[in-house]
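Per UniProt numbering, the sequence shown starts with residue 1, numbered consecutively.
The beta carbon of each residue, even a glycine, is placed where N, CA and C say it ideally should be.
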Amino acid sequence: MSYGFVYVLGNDAMPGIYKIGMTDRAPRERMDELSKATAVPLPFDLVMYAQVSDPREVEAGIHGDLAKYRVNSSREFFRAPLEEIGDTIRAYAHDVCHVEYAVYMWHAEADAKRDFLLSHFHSQNHDPIFWPPQCRGFEE
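Right under this line is the structure:
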């Protein structure tokens, strides 16, 4: 019996689409390896993972259960709700404590990125130099 990991990767270049795969190495190693591919515009983020026995069989089962969400039949990418992906992994994996934390961190990081972008946008729009001339209080 072999042991490994089932992982879920997200990418800001493909919002709402997740790669669900397996590895016998550390999931972050696999994430880094995939992020270095030239066809990927942005690096992947590790969304969740679980240690499982027989990772190939578990991966195949998860792919089968989520088949209706598959983006391309020859690829491991799915447009599925994260909650449903997590529930599907939970059905196959016993130790999923990392899944909850990783999903929380994924949302926390996404919220932090969004807050930074919004604050930057608001700071630029509040600066009168960026306002249209008619809003600056000057007549033209």
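{"Asked": "Taking the alpha carbon of V8 as the point to measure from, which residue in E76, I20, D54 has its own alpha carbon closest?", "Found": "I20"}
{"Asked": "Does the beta-carbon distance from G10 to M22 come in below 8 Å?", "Found": "no"}
{"Asked": "By how many angstroms is the C-alpha of S2 removed from the C-alpha of P15?", "Found": "33 Å"}
{"Asked": "Identify, in the order they occur along the chain, each residue of the same chain with its Cβ nearer than 6 Å to the Cβ of E76, setting aside the five sequence neighbours on each side.", "Found": "K19, I20, G21"}
{"Asked": "Measure the CB-CB distance between L34 and A13 and report whether it falls below 8 Å.", "Found": "no"}
{"Asked": "Express the C-alpha separation of D45 and A112 in angstroms, rounding to a whole number.", "Found": "14 Å"}
{"Asked": "Taking the alpha helix (DSSP H) that I85 belongs to, which residues open and close that run?", "Found": "82-92"}
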